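First to last, the protein sequences are chains A and B.
Residue 1 is where the first sequence starts when you use the numbering used here, and the numbers rise one by one after that.
Residue 263 is where the second sequence starts when you use the numbering used here, and the numbers rise one by one after that.
The beta-carbon is built from N, C-alpha and C at its ideal position, and this holds for glycine as well.
If you're wondering where the values come from, they're calculated on a predicted model, not measured in any experiment.
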Amino acid sequence: MTQPWLRVAAPLAVGAAFLALWEAAVWLSGVPVYILPAPSDIAQSLWVDGPSLLGSLLVTLRITLAALAAAAIIGGLIALGFSLSRLVEISFFPYAVILQVTPIVAIAPLIIIWVHTAFLALLTCAWIVAFFPIVSNTTVGLNSADRNLLALFRLYGASPGQVLWHLRVPTALPYFLAGLRISGGLALIGAVVAEFVAGTGGAETGLAYRILEAGYRLAIPRLFAALFLLSATGIVIYLVLDFISRRLLRHWHESATAEDEE
Amino acid sequence: MASDEPILELRGVAKRFAAGLDALAGIDLDVRPGEFLSLLGPSGCGKSTLLRIVAGLTAPSAGECRLATDRAPGRIGFVFQDPTLMPWSTVTANVLLPFRIARQRGVEIRRKALDAIRAVGLAGFEDAYPHQLSGGMRMRVSIARALVTDPELLLLDEPFAALDEITRLQLNDDLLSLWGRHRPTILFVTHSVFESVYLSTRVAVMSARPGRIVADLAVDLEQPRERSTRMSPAYGAMCERVSAALATAMAA
Chain A
1 MTQPWLRVAA PLAVGAAFLA LWEAAVWLSG VPVYILPAPS DIAQSLWVDG
51 PSLLGSLLVT LRITLAALAA AAIIGGLIAL GFSLSRLVEI SFFPYAVILQ
101 VTPIVAIAPL IIIWVHTAFL ALLTCAWIVA FFPIVSNTTV GLNSADRNLL
151 ALFRLYGASP GQVLWHLRVP TALPYFLAGL RISGGLALIG AVVAEFVAGT
201 GGAETGLAYR ILEAGYRLAI PRLFAALFLL SATGIVIYLV LDFISRRLLR
251 HWHESATAED EE
Chain B
263 MASDEPILEL RGVAKRFAAG LDALAGIDLD VRPGEFLSLL GPSGCGKSTL
313 LRIVAGLTAP SAGECRLATD RAPGRIGFVF QDPTLMPWST VTANVLLPFR
363 IARQRGVEIR RKALDAIRAV GLAGFEDAYP HQLSGGMRMR VSIARALVTD
413 PELLLLDEPF AALDEITRLQ LNDDLLSLWG RHRPTILFVT HSVFESVYLS
463 TRVAVMSARP GRIVADLAVD LEQPRERSTR MSPAYGAMCE RVSAALATAM
513 AA
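What follows is the structure, given as structure tokens:
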């Protein structure tokens, strides 16, 4: 078994080595900074532009989290509807798939025309990207209840509501959480794509627009700094959702109990 | 007690599945209160289906299944081959399930659950989760849950088939002592001759395709059964008779 500290140290070492190589390559080859900035240039830009970039990050983050919350709630409710009636599921599921496979860049302009509030328009775009994994995972979960447990609930005279609440919903929880972890990243991607399409949102400019802007102005170090913030945000969202998932499932689900067994 | 009115009467019970498979045909069976009846047969003889019909989980295609007791929740206990526990709930919460469904709660209910957990030898594990328990302990939880409502009829569907020999013998004895204390009527499905003879007061031998009862043998071994019972000549002779009946059933 690998040492616990190695799980943190090894990827960090790879990252550090990569950055050092990058730095050296830029200095040795003399690539101009507007083509490829060295990591030190990016760090400096992060320091200088950091406060204003963080403000933009906050705008993007608000859209992302709102979209994720909407995806969790509405996605969960849609899955609940699907599980209550097979007819509802087979009637509506294809449309959820259509919404999922249509590229968001293609429909974002329409949404931005139809929805007048900038925040709501961006939220809708991010939601469309993010809701599907939750719907599809949770639907599978709600239909995965143990058949013998279902029989037992019937034997003891459980109402459909009790079967749903005491059996189907707990069974679906790990599936829902797995969907949520995927949706976390997708909500961020959806928010960024929507911002790209929407352009400036007036006084409130998200991180995506800052990336575009930096590109136009050949402020490449700032572009990289913004990119770095986006990736870091994505990682943090994933870690937080992973933590929540482990906390909720730690007593019973294989995915969360495997490590604390003696 | 054998003179009592039967608690369960099956008359010409048959089950045909949608695929056209005849699982059961012409089952006639009377079970009296307090009996420990084993349904013994090869796999695929429909004994589990029969148990599900008695529990009211499956409707028979023909015939009648009459229960002297009402079918009110909790009058029948069911133990599956798998422990069938809710992995997200503690031992206590799993055992409380029948009451939770009946929307009964309170100190008295909780005490019943704790008593049932103690009765199956799991005192100290009330707050454990199923994944922390061994296979045999999970099966004990399952039995505690079936017993907690003090059922008149207890249905067990090959509950020990997946357990190792040592655990299985131990659970056989524990089940017998629980039966001795509360005397519910037990219908016990098994494919083990030795288990059926050791546990039961009566063994119904079934043949397969379609499942029917081909022999109905009373087991007149001394009560209570103990480990030494397994060594007695009477036990050996009875096992031989039941084996012979089973061999005939499988040849038919």
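8 Å Cβ cutoff, B:A317 in contact with chain A: On the second sequence, residue 317 of chain B is found 55 positions in, with the first residue counted as 1. At least one CB atom of chain A sits nearer than 8 Å to the CB of B:A317.
Bridge partners - B:T254, DSSP secondary structure assignment: Within the shown structure, residues of chain B are numbered from 263 to 514, placing residue 254 of chain B beyond reach of any answer.
Length-filtered (4 minimum) alpha helix (DSSP H) runs lying within the segment 337 to 365 of chain B: Listed in chain order, they are 353 to 357 and 359 to 363.
Below-8 Å beta-carbon distance, A:R154 vs any chain B residue: Here residue 154 of chain A is taken as the residue at index 154 of the first sequence, counted from 1. Against chain B, the CB of A:R154 has a partner CB under 8 Å away; the residue lies at that interface.
One or two residues paired with A:G30 in a DSSP bridge: Taking the first residue of the first sequence as position 1, residue 30 of chain A is located at position 30. Answer is none; A:G30 lacks a bridge partner.
7 Å Cβ cut-off: residues of chain A touching B:Y391: Stepping through the second sequence from its first residue, residue 391 of chain B is reached at position 129. Close partners of B:Y391 in chain A (Cβ separation under 7 Å): H251 and W252.
As assigned by DSSP and simplified to three states, the class of B:E370: Within the second sequence, the letter at position 108 stands for residue 370 of chain B. Three-state DSSP puts B:E370 in a helix.
Counterpart residues of B:M500 in DSSP-defined beta bridges: Locating residue 500 of chain B in the second sequence gives position 238, where the first residue counts as 1. The partner list for B:M500 (beta bridge, DSSP) is empty, contrary to what the question assumes.
Where B:T346 meets chain A, residues with beta-carbon distance less than 8 Å: In the second sequence, residue 346 of chain B corresponds to position 84, counting from 1. Within chain A, the residues placing a beta-carbon under 8 Å from that of B:T346 are D146, N148, L149 and L152, ordered along the chain.
Alpha-carbon to alpha-carbon, B:S396 and B:G386: Numbered from its first residue, the second sequence carries residue 386 of chain B at position 124. Numbered from its first residue, the second sequence carries residue 396 of chain B at position 134. Roughly 14 Å separates the two Cα atoms.
Which of helix, strand or coil DSSP assigns to B:L508: Sequence index remark: in the second sequence, residue 508 of chain B carries index 246 (1-based). Taken through DSSP and simplified to helix, strand or coil, B:L508 comes out as helix.
Straight-line gap, B:A287 to B:A364 (C-alpha atoms, nearest Å): In the second sequence, counting from the first residue as 1, residue 287 of chain B sits at position 25. In the second sequence, counting from the first residue as 1, residue 364 of chain B sits at position 102. Rounded to the nearest angstrom, the two C-alpha atoms are 35 Å apart.
Coarse secondary structure for B:F450, derived from DSSP in three states: As a first step, residue 450 of chain B is located in the second sequence; it is residue number 188 there, counting from the start. Under the three-state reduction of DSSP, B:F450 is assigned to strand.
Of the residues B:R445, B:M401 and B:A375, the one placed nearest B:L416, counting alpha carbons only: Translated into the one-based positions of the second sequence, residue 416 of chain B becomes position 154. Per the Cα distances, B:R445.
Short Cβ contact (8 Å threshold) for A:L241 with A:L207: On the first sequence, residue 241 of chain A is found 241 positions in, with the first residue counted as 1. On the first sequence, residue 207 of chain A is found 207 positions in, with the first residue counted as 1. Contact annotation: A:L241 and A:L207 have beta-carbon atoms that are not nearer than 8 Å.
Own chain residues within Cβ distance below 7 Å of A:V236, not counting five before or after: On the first sequence, residue 236 of chain A is found 236 positions in, with the first residue counted as 1. Taken in chain order, the list of residues that qualify is empty.
Among B:P472, B:R464 and B:T346, nearest to B:D482 - alpha-carbon criterion: Taking the first residue of the second sequence as position 1, residue 482 of chain B is located at position 220. The option with the nearest alpha carbon to B:D482 is B:R464.
Per DSSP, cross-strand counterpart(s) of B:C327: Counting from 1 along the second sequence, the entry for residue 327 of chain B is found at position 65. B:C327 is bridged by DSSP to B:L272.
Test: B:R362 CB closer than 8 Å to a CB of chain A: Here residue 362 of chain B refers to the residue found at position 100 when the second sequence is read from its first residue. Taking Cβ atoms only, chain A reaches closer than 8 Å to B:R362, which makes this a yes.
Beta-carbon contacts of A:G184 that lie in its chain and below 7 Å, excluding the five residues immediately before and after: The residue you call residue 184 of chain A lines up with position 184 of the first sequence. Contacts found: L68, I237, Y238 and L241.
Minimum Cβ-Cβ distance from B:I269 to chain A less than 8 Å: In the second sequence, counting from the first residue as 1, residue 269 of chain B sits at position 7. No - not a single Cβ of chain A is within 8 Å of the one on B:I269.
Short Cβ contact (8 Å threshold) for A:T117 with A:G141: By one-based count along the first sequence, residue 117 of chain A stands at place 117. By one-based count along the first sequence, residue 141 of chain A stands at place 141. With respect to A:G141, A:T117 sits apart: the two C-beta atoms are not nearer than 8 Å.
Nearest candidate by alpha-carbon position, reference B:F298, set B:P495, B:G282, B:C327 and B:Y460: Your numbering for residue 298 of chain B matches position 36 in the second sequence. For the residues B:P495, B:G282, B:C327 and B:Y460, the minimum Cα distance to B:F298 belongs to B:Y460.
7 Å Cβ cut-off: residues of chain A touching B:I338: Translated into the one-based positions of the second sequence, residue 338 of chain B becomes position 76. For the C-beta of B:I338, the chain A residues within less than 7 Å are, from N- to C-terminus, L155.
Test: B:V451 CB closer than 8 Å to a CB of chain A: The residue given as residue 451 of chain B occupies position 189 in the second sequence. No - not a single Cβ of chain A is within 8 Å of the one on B:V451.
Cβ neighbour criterion (16 or more within 10 Å) applied to A:I73: Start at 1 with the first residue of the first sequence, and residue 73 of chain A comes out as number 73. Counting of Cβ neighbours within 10 angstroms places A:I73 among the exposed residues, the total staying below 16.
Own chain, CB closer than 7 Å to B:S239, minus 5 neighbours either side, in chain order: In the structure as shown, chain B begins at 263 and stops at 514. Residue 239 of chain B is therefore absent and cannot be evaluated.
6 Å Cβ shell around B:L358 - same chain, five flanking residues per side excluded: Within the second sequence, residue 358 of chain B is the residue found at index 96, counting from 1. Excluding positions up to five away in sequence, the list reads A375.
Closer than 7 Å at the beta carbon, the chain A residues around B:F342: Start at 1 with the first residue of the second sequence, and residue 342 of chain B comes out as number 80. Listed along chain A, the residues sitting closer than 7 Å to B:F342 by beta-carbon distance are N148.
Touch test, the segment 348 to 357 of chain B against the segment 321 to 337 of chain B, Cβ-Cβ under 8 Å, three pairs minimum: Inter-segment contact for the segment 348 to 357 of chain B and the segment 321 to 337 of chain B is absent: fewer than three beta-carbon pairs are separated by less than 8 Å.
Residue-level contact to chain A via CB, B:P335, 8 Å cutoff: As a working note, residue 335 of chain B is residue 73 in the second sequence. At least one CB of chain A lies nearer than 8 Å to the CB of B:P335.
CB contact check: A:T257 to chain B, cutoff 8 Å: Position 257 of the first sequence, counted from the start, is the residue given in the question as residue 257 of chain A. True, the Cβ-Cβ gap to chain B drops below 8 Å.
Cross-chain neighbours of B:P349 in chain A, by beta carbon under 8 Å: Position 87 of the second sequence, counted from the start, is the residue given in the question as residue 349 of chain B. Annotation: Cβ neighbours of B:P349 in chain A (cutoff 8 Å, chain order): W252 and H253.
8 Å Cβ cutoff met for B:D419 and B:V341: Start at 1 with the first residue of the second sequence, and residue 419 of chain B comes out as number 157. Start at 1 with the first residue of the second sequence, and residue 341 of chain B comes out as number 79. Between B:D419 and B:V341, the C-beta gap is smaller than 8 Å, which places the two residues in contact.
First through last residue of the alpha helix (DSSP H) which encompasses B:G308: Taking the second sequence and counting its residues from 1, one reaches residue 308 of chain B at position 46. Per DSSP, B:G308 is not a residue of any alpha helix (DSSP H), being assigned neither H nor E.
Anticipated Cβ contact below 8 Å, A:R246 with A:A232, distance rounded: Taking the first sequence and counting its residues from 1, one reaches residue 246 of chain A at position 246. Taking the first sequence and counting its residues from 1, one reaches residue 232 of chain A at position 232. Wrong, their Cβ atoms sit about 21 Å apart, outside the cutoff.
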